[in-house]
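Protein chains in written order, with the numbering used here: chain A, 1 to 94; chain B, 1 to 220.
Backbone N, C-alpha and C define an ideal beta-carbon position, used for all residues, glycine too.
All values derive from a computational prediction rather than experimental measurement.
Below is one structure, written out as structure tokens; the observations come after it.
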């Protein structure tokens, strides 16, 4: 199984939580560089902090795309699914 | 911490985003459209605001004298420039009400179209040399002796403020007679016999220690 396949098969909630954790890490690095603006904190915030931010947004976008794709596939395979509302994912999706 | 309005905006944006993300992680709500929109604000919009403002604020912070003085090898330079009794060029420029708190950057920055990125790239070299080039463990006395400009100081930096076209500059005989040498950097404005060294203690330390071997050049 390739890395891409593993990502595509992973839970949307897991991806969203990874995005949240990455965003929190990036934000904490940026906030620390503002509170203590020395060379290393500023450089780390502008490199690693931004990398965490991009990774978080990428995971979030992937989760949204996968969610939309799965709901579309579900509505195509289930008879009468057009009339049925799309069930939001909750913690039991894990 | 420089409490500018950018810093405050950045911290508020980061706090707002963190509140949204922590709420999602702790309460685990259903991933419906409303939650997705909140997450877009928490992962996309607010962090973008925080990233942009913190980058600008961080870059601005790197132009302050306190930032330059935060590396111990610059302690003497920082103390001299902050000394109200000092008459060195650096100290006198640091007392300037318009740019005194950013005097290191204003005097040592490259100017021109690519001046800012070139200066910042030079700053990265300083960081590299500090952490991996041996300057971090270097005693202050040795640093004063051995750390020197990587290239001759460019008189153009002086001329950003002290124009050479004004009468007050041109009526000085030495200026007129050395005009070509000054423009081609063969004679420095900050040399002995002219306006003196910007950081004279480094010259005294170098003279006292001769013929000590010099370390790799560090552009200040």
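**Report entry** Chain-ordered residues of the stretch 51-68 of chain B with a beta carbon less than 7 Å from chain A
**Finding:** Per Cβ criterion, the list reads 51, 54, 55, 57, 58, 61, 62, 67.
Query - Through-space distance from residue 15 (chain B) to residue 164 (chain B), alpha-carbon basis - result: Start at 1 with the first residue of the second chain, and residue 164 (chain B) comes out as number 164. Start at 1 with the first residue of the second chain, and residue 15 (chain B) comes out as number 15. If you take the alpha carbons of residue 164 (chain B) and residue 15 (chain B), they lie about 50 Å apart.
**Report entry** Min CB distance residue 65 (chain A) to chain B below 8 Å
**Finding:** Here residue 65 (chain A) refers to the residue found at position 65 of the first chain. No, no contact with chain B.
Query raised in the report: If you draw a straight line from the C-alpha of residue 161 (chain A) to the C-alpha of residue 12 (chain B), how long is it?
Result: There is simply no residue 161 (chain A) to check, as chain A begins at 1 and stops at 94 in what is shown.
Query raised in the report: Between the Cα of residue 83 (chain B) and the Cα atoms of B:96, B:9, B:150, which residue gives the shortest distance?
Result: Taking the second chain and counting its residues from 1, one reaches residue 83 (chain B) at position 83. The candidate whose alpha carbon is nearest that of residue 83 (chain B) is B:96.
Report task. Consult DSSP for residue 178 (chain B) and reduce its assignment to one of helix, strand or coil. Result -> Counted from its first residue, the second chain places residue 178 (chain B) at position 178. The answer is coil: DSSP assigns residue 178 (chain B) none of H, G, I, E or B.
Query raised in the report: Where does residue 21 (chain B) sit, in a helix, a strand or coil, going by DSSP?
Result: Translated into positions along the second chain, residue 21 (chain B) becomes position 21. It is helical.
Query - Host alpha helix (DSSP H) of residue 41 (chain A) (start-end) - result: Numbered from 1 along the first chain, position 41 holds the residue referred to as residue 41 (chain A). Residue range 39-44 is occupied by the alpha helix (DSSP H) that includes residue 41 (chain A).
**Report entry** Rounded straight-line distance, which links the Cα of residue 41 (chain A) to that of residue 19 (chain B)
**Finding:** Taking the second chain and counting its residues from 1, the one referred to as residue 19 (chain B) is at position 19. Taking the first chain and counting its residues from 1, the one referred to as residue 41 (chain A) is at position 41. Computed Cα separation, rounded: 23 Å.
Query raised in the report: Where does residue 183 (chain B) land, buried or exposed, given buried means 16+ other C-beta within 10 angstroms?
Result: Start at 1 with the first residue of the second chain, and residue 183 (chain B) comes out as number 183. The residue in question, residue 183 (chain B), is exposed, as its Cβ has fewer than 16 Cβ neighbours within 10 Å.
**Report entry** Whole runs of the alpha helix (DSSP H) within the stretch 5-36 of chain A, excluding any shorter than 4 residues
**Finding:** Secondary structure in the stretch 5-36 of chain A: the alpha helix (DSSP H) runs of 4 residues or longer, each lying completely within the stretch, are 12-35 in chain order.
Query - Exposure label - residue 115 (chain B); buried when at least 16 CB within 10 Å - result: Translated into the one-based positions of the second chain, residue 115 (chain B) becomes position 115. It counts as exposed.
Query raised in the report: Excluding the five sequence neighbours on either side, which residues of its own chain have a C-beta within less than 7 Å of the C-beta of residue 154 (chain B), listed in chain order?
Result: Numbered from its first residue, the second chain carries residue 154 (chain B) at position 154. Scanning its chain for C-beta atoms nearer than 7 Å, with the 5 sequence neighbours on each side dropped, one finds around residue 154 (chain B) the residues 185, in chain order.
Query - Supposed close pair residue 63 (chain B), residue 27 (chain B) - CB separation, criterion 8 Å - result: As a first step, residue 63 (chain B) is located in the second chain; it is residue number 63 there, counting from the start. As a first step, residue 27 (chain B) is located in the second chain; it is residue number 27 there, counting from the start. Taking 8 Å as the upper bound for CB-CB distance, residue 63 (chain B) and residue 27 (chain B) are not in contact here, some 43 Å apart.
Query raised in the report: Using Cβ-Cβ distances below 7 Å, what residues of the stretch 14-26 of chain B are close to chain A?
Result: Along the stretch 14-26 of chain B, the positions whose C-beta sits under 7 Å from a C-beta of chain A are 14, 17, 18, 21, 24, 25, read in chain order.
Query raised in the report: Using a Cβ-Cβ cut-off of 7 Å (strictly less than) and excluding sequence neighbours within five positions of residue 53 (chain A), which residues of its own chain qualify?
Result: Position 53 of the first chain, counted from the start, is the residue given in the question as residue 53 (chain A). Closer than 7 Å at the Cβ level, and outside the excluded window around residue 53 (chain A), lie 23, 26.
**Report entry** chain A residues whose Cβ lies nearer than 8 Å to that of residue 43 (chain B)
**Finding:** For the purposes of this step, residue 43 (chain B) is taken as the residue at position 43 of the second chain. Near residue 43 (chain B) (Cβ distances below 8 Å), the residues of chain A are 19, 20, 23, 56, 57, 60.
Report task. Note down the Cα distance separating residue 137 (chain B) from residue 143 (chain B), rounded to an integer number of angstroms. Result -> As a working mapping, residue 137 (chain B) is identified with position 137 in the second chain. As a working mapping, residue 143 (chain B) is identified with position 143 in the second chain. Computed Cα separation, rounded: 10 Å.
Query raised in the report: At least one CB of chain B closer than 8 Å to the CB of residue 51 (chain A): is that the case?
Result: For this step, residue 51 (chain A) is matched to residue 51 along the first chain. Cβ-Cβ to chain B under 8 Å: no for residue 51 (chain A).
Report task. Give a yes or no on whether the minimum CB-CB distance between residue 47 (chain B) and chain A is below 8 Å. Result -> Within the second chain, the letter at position 47 stands for residue 47 (chain B). Taking 8 Å as the threshold, the shortest C-beta distance from residue 47 (chain B) to chain A falls below it.
Query raised in the report: For the stretch 118-179 of chain B, which segments carrying the alpha helix (DSSP H) assignment without a break, of at least 4 residues, lie completely within its bounds, in sequence order?
Result: If we require 4 residues or more, the alpha helix (DSSP H) runs fully inside the stretch 118-179 of chain B come out as 140-146, 155-159, 167-170, 173-177.
Query raised in the report: How big is the Cα-Cα spacing for residue 171 (chain B) and residue 177 (chain B)?
Result: Residue mapping note: residue 171 (chain B) aligns to position 171 of the second chain, counting from 1. Residue mapping note: residue 177 (chain B) aligns to position 177 of the second chain, counting from 1. For the pair residue 171 (chain B) and residue 177 (chain B), the Cα-to-Cα distance works out to about 10 Å.
Query raised in the report: Among B:93, B:179, B:105, B:77, which one has its Cα closest to the Cα of residue 147 (chain B)?
Result: The sequence position of residue 147 (chain B) within the second chain is 147, counting from 1. For residue 147 (chain B), the nearest C-alpha among the options comes from B:77.
Report task. Jot down the residue ranges of each uninterrupted alpha helix (DSSP H) in the stretch 65-94 of chain B, minimum 4 residues, whole runs only, in chain order. Result -> The qualifying runs are 65-68, 75-82, 89-94.
Requested in this report: Check whether the Cβ of residue 82 (chain A) lies closer than 8 Å to any Cβ atom in chain B.
Outcome: Here residue 82 (chain A) corresponds to residue number 82 of the first chain, with the count starting at 1. Summary for residue 82 (chain A): the model assigns pLDDT 46, below 50, so the residue's position carries little reliability; its value from the coordinates is reported in the next sentence. Taking Cβ atoms only, chain B never reaches closer than 8 Å to residue 82 (chain A), which makes this a no.
Report task. Pull out every residue of the stretch 118-133 of chain B whose Cβ sits closer than 9 Å to any Cβ of chain A, in chain order. Result -> Listed by position along the chain: 123, 124, 126, 127, 130, 131.
Query raised in the report: Is the shortest distance between the beta-carbon of residue 13 (chain A) and the beta-carbons of chain B less than 8 Å?
Result: Start at 1 with the first residue of the first chain, and residue 13 (chain A) comes out as number 13. Cβ-Cβ to chain B under 8 Å: yes for residue 13 (chain A).
Report task. Return the residue from the list B:132, B:57, B:79 that minimises the CA-CA distance to residue 65 (chain B). Result -> Start at 1 with the first residue of the second chain, and residue 65 (chain B) comes out as number 65. The residue among B:132, B:57, B:79 with its C-alpha nearest the C-alpha of residue 65 (chain B) is B:79.
**Report entry** Boundaries (first-last residue) of the alpha helix (DSSP H) holding residue 104 (chain B)
**Finding:** As a first step, residue 104 (chain B) must be located in the second chain, where it is residue number 104. Note, residue 104 (chain B): alpha helix (DSSP H), 103-108.
Query - Simplified DSSP assignment, three categories, for residue 192 (chain B) - result: Here residue 192 (chain B) is taken as the residue at index 192 of the second chain, counted from 1. In the structure shown, the three-state DSSP call for residue 192 (chain B) is coil.
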